[in-house]
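Visitor:
Residue numbers (our numbering): 1 to 196.
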C-alpha cells in the first residue's frame, strides 16, 4: 500500500474516532461531553500509526536510493571495462599487424579476455535488475561481438584465419553503449527494477 493510501486511511479513522468514540453523554448531567480517556487512547494510537507510516516511507525511499546506488556503481564499473576494451583491442590489433606471423601477444590477449569476463559479469547483473530492453540488447550484441573477436583471434593464432578476417569490435557501438550506461551511472535515468 502506498503512503498516500495510509494517510487517507489514517485520516478517515481519526475522523470516525473523533465523531463516534470521543464524545458521549455525561451520566450525571445528561449533556454531551468529551471522553478524555478515549482522547488519550486515540492520541497514543494515532502517534503510533504516524510513526510506523513515517518509518515505512523513509525505508522505501532509502531502499530505492540504495538500489539506484548499486546500479550506478555497476554501470560505472562496466563503463571502465568498456573503455579498457576499446584501448586493448587497438593495442592487440596493432601487435598482430606488426608481427604478422600468427603470434598473439598472450599478455594482451589474456587482458582482453579478462575485460570480456568483467563485462559479462556486469551485464548479467544489469540485465537482472533493469527494465531497459534497448540496453539489454546492446549489451548482448556487444558480448556477442567480443566473443566473435576472441574466436577469430584464436583461429588466427592457429593459422586458420588471416589478419583481415579478424572480427573487430566497432568503437562507435562501444561509445553508444557507454553513453547509455552514463545515464544510469550519473542517476540521470531512474532505476526501475524488473523484479516485482
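Cβ coordinates follow ideal geometry from the N, Cα and C atoms, glycine included.
Can you tell me the Cβ-Cβ gap for residue 96 and residue 104, rounded? I've got them flagged as a contact below 8 Å.
Guide: Confirmed, Cβ separation roughly 7 Å.
Visitor: Between residue 12 and residue 134, what straight-line distance do the alpha-carbon atoms span, to the nearest angstrom?
Guide: Computed Cα separation, rounded: 45 Å.
Visitor: Could you spell out where the alpha helix (DSSP H) holding residue 171 opens and where it closes?
Guide: It spans 171-185 - the alpha helix (DSSP H) in which residue 171 sits, taken as one unbroken run.
Visitor: Using a Cβ-Cβ cut-off of 7 Å (strictly less than) and excluding sequence neighbours within five positions of residue 6, which residues of its own chain qualify?
Guide: Once the five neighbours on either side are set aside, the close Cβ partners of residue 6 are 53.
Visitor: If we call anything under 8 Å between Cβ atoms a contact, is residue 115 one with residue 182?
Guide: No, these two residues do not count as a Cβ contact at 8 Å.
Visitor: Indicate whether the contact test is met: 3 or more Cβ pairs, each with one atom in the segment 54-70 and one in the segment 150-159, closer than 8 Å.
Guide: Cβ pair count under 8 Å is below three, so no.
Visitor: Since residue 168 is in the alpha helix (DSSP H), which residue starts that stretch and which ends it?
Guide: No alpha helix (DSSP H) holds residue 168; DSSP gives it neither H nor E.
Visitor: In three-state DSSP terms, what is residue 164?
Guide: Helix.
Visitor: Residues in its own chain within less than 7 Å of residue 122 by CB, not counting five upstream and five downstream?
Guide: 74, 77, 78, 81, listed in sequence order.
Visitor: Mind reading off the beta-carbon distance from residue 149 to residue 168? Whole number of angstroms is fine, and I expect it under 8 Å.
Guide: Right, the Cβ-Cβ distance comes to about 7 Å (below 8 Å), so this counts as a contact.
Visitor: Taking the C-alpha atoms as reference points, what is the distance between residue 142 and residue 57?
Guide: Looking at the two C-alpha atoms, the distance is approximately 39 Å.
Visitor: To the nearest whole angstrom, what separates the beta carbons of residue 85 and residue 119, a pair I think is in contact under 8 Å?
Guide: So it is a contact: roughly 7 Å between Cβ atoms.
Visitor: Can you give the Cα-Cα distance for residue 164 and residue 65, rounded to whole angstroms?
Guide: Residue 164 and residue 65: Cα-Cα distance of roughly 48 Å.
Visitor: If residue 71 and residue 139 are in contact, beta carbons under 8 Å, what's the gap, nearest whole angstrom?
Guide: No, residue 71 and residue 139 are not in contact; Cβ-Cβ is about 13 Å, not under 8 Å.
Visitor: On the criterion of 16 or more Cβ atoms from any shown chain inside 10 Å, does residue 132 qualify as buried, or is it exposed?
Guide: Residue 132 is buried by the Cβ-count criterion.
Visitor: Give the straight-line distance between the Cα atoms of residue 187 and residue 125, rounded to the nearest whole angstrom.
Guide: Rounded to whole angstroms, residue 187 to residue 125 spans 17 Å at the Cα level.
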